[in-house]
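FYI, the working numbering numbers position 18 of the sequence shown as 18, with every residue one higher than the one before it.
Glycine included, every Cβ here is placed at the ideal spot set by N, Cα and C.
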Amino acid sequence: MRATTSATPPALADTTPAPRSTRVDVDTPGGRYEIRIGPGLIAQAQSWSGLPRSADAVIVSNPTIWALHGSQLCAAVAPHHRRVTHVLLPDGEEHKAWPALQRIYDHLLGTGCDRKTLLYALGGGVVGDITGFAAATYMRGVPFVQVPTTLLAQVDSSVGGKTAINHPLGKNMIGAFHQPLRVVCDLATLQTLPRRELVAGLAEVIKYGPIYDDGFLGWIEQHLDALLAGDADALMLAIQRSCEIKAAVVGADERESGQRAILNFGHTFGHAIEAGLGFGTWLHGEAVGCGMVLAGYLSAELGLVPPAYAERIERLVARAGLPTRAPAMPDARWLDLMRHDKKAEAGEIRFVLIEAPGRAGLRPAADDRVLQVIRRHSEAAPAGGPGRQ
Numbered sequence: 001m002r003a004t005t006s007a008t009p010p011a012l013a014d015t016t017p018a019p020r021s022t023r024v025d026v027d028t029p030g031g032r033y034e035i036r037i038g039p040g041l042i043a044q045a046q047s048w049s050g051l052p053r054s055a056d057a058v059i060v061s062n063p064t065i066w067a068l069h070g071s072q073l074c075a076a077v078a079p080h081h082r083r084v085t086h087v088l089l090p091d092g093e094e095h096k097a098w099p100a101l102q103r104i105y106d107h108l109l110g111t112g113c114d115r116k117t118l119l120y121a122l123g124g125g126v127v128g129d130i131t132g133f134a135a136a137t138y139m140r141g142v143p144f145v146q147v148p149t150t151l152l153a154q155v156d157s158s159v160g161g162k163t164a165i166n167h168p169l170g171k172n173m174i175g176a177f178h179q180p181l182r183v184v185c186d187l188a189t190l191q192t193l194p195r196r197e198l199v200a201g202l203a204e205v206i207k208y209g210p211i212y213d214d215g216f217l218g219w220i221e222q223h224l225d226a227l228l229a230g231d232a233d234a235l236m237l238a239i240q241r242s243c244e245i246k247a248a249v250v251g252a253d254e255r256e257s258g259q260r261a262i263l264n265f266g267h268t269f270g271h272a273i274e275a276g277l278g279f280g281t282w283l284h285g286e287a288v289g290c291g292m293v294l295a296g297y298l299s300a301e302l303g304l305v306p307p308a309y310a311e312r313i314e315r316l317v318a319r320a321g322l323p324t325r326a327p328a329m330p331d332a333r334w335l336d337l338m339r340h341d342k343k344a345e346a347g348e349i350r351f352v353l354i355e356a357p358g359r360a361g362l363r364p365a366a367d368d369r370v371l372q373v374i375r376r377h378s379e380a381a382p383a384g385g386p387g388r389q
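Laid out in structure tokens, this is it:
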């Protein structure tokens, strides 16, 4: 299970401004759809052209995002539907669970929504994952559209059809594959994104370099300051390239039976951090950032890449403002949490590891080697947030 290194496209190599808007096509057995990327897309009528004109539409969001963008989306899609209603979920990873999912079901049933109802997921990864799972399961499946409003959701969770809720024993343990009809990434929504959320989203941008396109990793290193400053052109190109890579991987392996697993680089460690500390203590991107550092050093520990490559990943993660030191947890706790990871088989923990710059694969690793890496790169983290080197 390997990713083919892909040459960085000219759009990333030159210094010309990013296009005003762009599109990435996703082609999977579960559906073909567009990712539309650009500023101000929510308000533009053409963003919603071609979608089914269902009688009912339901926008799922959280109170913060709804206050910022809800009325704009409602006005934009209203011409396509007889009735547009909305349901608001509590904000935070800790709420990606059954009670929030049931709130959506209750709204759909209580308002008489049928199988042709179209759901819109307006928010970050939590809203997108729960809405997608509700769409996958309500009346055995209804269509939905992703309108991601965080960097992490725009470059990762909104694309590819993975939908889920968490279980106390593990992240994303209850879910389904259900592709959206469209993904609309409005860059204007990133202008109101808290800095911590922007930084967390960069983790999912960074991961595409080591696993697929080492040239993109170099581009991120060169343009990281612009990305952190919220530069529109830099963000546009980063989102576009991230979506291109994810679309290529998902198109080849929709249901994660092979190559798609590489998209989980850093996630085995990261999910253990999230579950071990309690969902919501660290943001998902913060946990993934730290997890990539650990996975990079585990790759070096097993002789797959030189230590210098793992150090390169750590330097970039640190420059982005992401944690590089794992929280202190007992060895047995680490192993137990990672054995609950979906990639584990017969109790054997498997990790996405770097096999060469821009190429990754799924491999097992002996517990003692894994724990050695964790011990070298962990420290007690302050309560309520991640520790940084």
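The beta strand (DSSP E) that contains L224, what's its start and end?
Where L224 is concerned, there is no enclosing beta strand (DSSP E), although the alpha helix (DSSP H) around it starts and stops at D214 to L228.
Using DSSP's beta-bridge definition, name the partner residues of A164.
A164 pairs with G175.
Could you tell me which of M173, A153, P180 and Y208 sits nearest to L198, measuring between CA atoms?
Among M173, A153, P180 and Y208, the Cα nearest to that of L198 is on A153.
Tell me whether the beta-carbon of I65 lies closer than 8 Å to the beta-carbon of G123.
For I65 and G123, yes; Cβs fall inside 8 Å.
When DSSP builds the beta bridges, which residues end up paired with A356?
Per DSSP, R359.
Inter-residue spacing [alpha-carbon to alpha-carbon] between R333 and G125:
The C-alpha of R333 lies about 26 Å from the C-alpha of G125.
Distance CB(G288)-CB(K207) smaller than 8 Å:
For clarity, residue 288 is Val in the given sequence; the question names Gly instead. In this structure, V288 sits near K207, with a CB-CB distance shorter than 8 Å.
I'd like the list of long-range same chain contacts for V84, defined as Cβ closer than 6 Å, with 5 residues on each side in sequence excluded.
These residues qualify, in order along the chain: A57, C74 and A78.
Cα-Cα separation, Q372 to L316:
Answer to the nearest angstrom: the Cα atoms are 22 Å apart.
Whole-angstrom distance between P306 and R312, CA atom to CA atom
Whole-angstrom Cα-Cα distance: 10 Å.
Where V142 falls: helix, strand or coil (DSSP):
V142: coil per DSSP, three-state reduction.
Determine whether the beta carbon atoms of A344 and R350 lie at a separation below 8 Å.
Yes, these two residues count as a Cβ contact at 8 Å.
So, P327 versus L362, is the Cβ gap smaller than 8 Å?
In this structure, P327 sits away from L362, with a CB-CB distance that is not shorter than 8 Å.
Excluding sequence positions up to five away, which residues of its chain have a Cβ less than 7 Å from the Cβ of G128?
Cβ neighbours of G128 beyond the five flanking positions: A121, Q146, P148, A153, S157 and S158.
Limits of the unbroken alpha helix (DSSP H) element including S242
Unbroken alpha helix (DSSP H) run through S242: A232 to A252.
Assess contact between the stretch 225-232 and the stretch 245-254, defined as three or more Cβ pairs (one per stretch) separated by less than 8 Å. Is contact present?
The stretch 225-232 and the stretch 245-254 do not touch, with fewer than 3 CB-CB distances between them shorter than 8 Å.
Return helix, strand or coil for E204, following the three-state DSSP convention.
Per DSSP, reduced to three states, the secondary structure at E204 is helical.
Opposite T28 in the DSSP bridges: which residues?
Per DSSP, G31.
What's the gap between the Cα of Y138 and the Cα of K162?
Straight-line spacing of the CA atoms in Y138 and K162 works out to 16 Å.
Rounded straight-line distance, which links the Cα of R53 to that of G31:
Their Cα atoms are separated by approximately 18 Å.
Return the first residue and the last residue of the beta strand (DSSP E) that V159 is part of.
That residue, V159, is in no beta strand (DSSP E); it is neither H nor E in DSSP.
By how many angstroms is the C-alpha of A238 removed from the C-alpha of G201?
About 11 Å.
I want to know whether the stretch 169-187 touches the stretch 205-224 - three or more CB-CB distances under 8 Å.
Contact fails between the stretch 169-187 and the stretch 205-224, because fewer than three Cβ pairs, one in each stretch, are under 8 Å apart.
Is it buried or exposed for W98, if we count other Cβ within 10 angstroms and need 16 for buried?
Classification of W98: exposed, given that the 10 Å Cβ count is below 16.
P121, enclosing beta strand (DSSP E) - first and last residue:
Pro is not the amino acid found at residue 121; the sequence shown has Ala there. The continuous beta strand (DSSP E) containing A121 extends over residues L118 to G123.
Cβ separation of L119 and T131, assumed to be a contact under 8 Å, to the nearest whole Å
L119 to T131, Cβ: 6 Å. Contact.
Which one or two residues does DSSP pair with T22 in a beta bridge?
Answer is I37, bridged to T22.
Just to confirm, does D368 get its C-beta within under 7 Å of one of the non-hydrogen atoms of the ligand ZN?
No copy of the ligand ZN occurs in the structure displayed, which carries no ligand at all.
Between the CA atoms of R369 and S242 - distance to the nearest angstrom
Roughly 31 Å separates the two Cα atoms.
Assumed close pair L294, I374 - CB separation to whole angstroms, cut-off 8 Å:
With a Cβ gap of about 6 Å, L294 and I374 count as contacting.
Identify the continuous beta strand (DSSP E) that holds D57 and give its terminal residues.
What sits at residue 57 in the sequence shown is Ala, not Asp. Residue range D56 to S61 is occupied by the beta strand (DSSP E) that includes A57.
Less than 8 Å between the CB atoms is what I'm expecting for V184 and L41, so what's the real figure, rounded?
For V184 against L41, the beta-carbon gap comes to about 5 Å, under 8 Å, which counts as contact.
Which class does F351 belong to by DSSP, given the choice of helix, strand or coil?
Note: F351 maps to strand in three-state DSSP.
Per DSSP, C185 is paired with what?
Per DSSP, I37.
Along the beta strand (DSSP E) that carries H86, what are the first and last residues, could you check?
Annotation for H86: the continuous beta strand (DSSP E) segment containing it runs R83 to L88.
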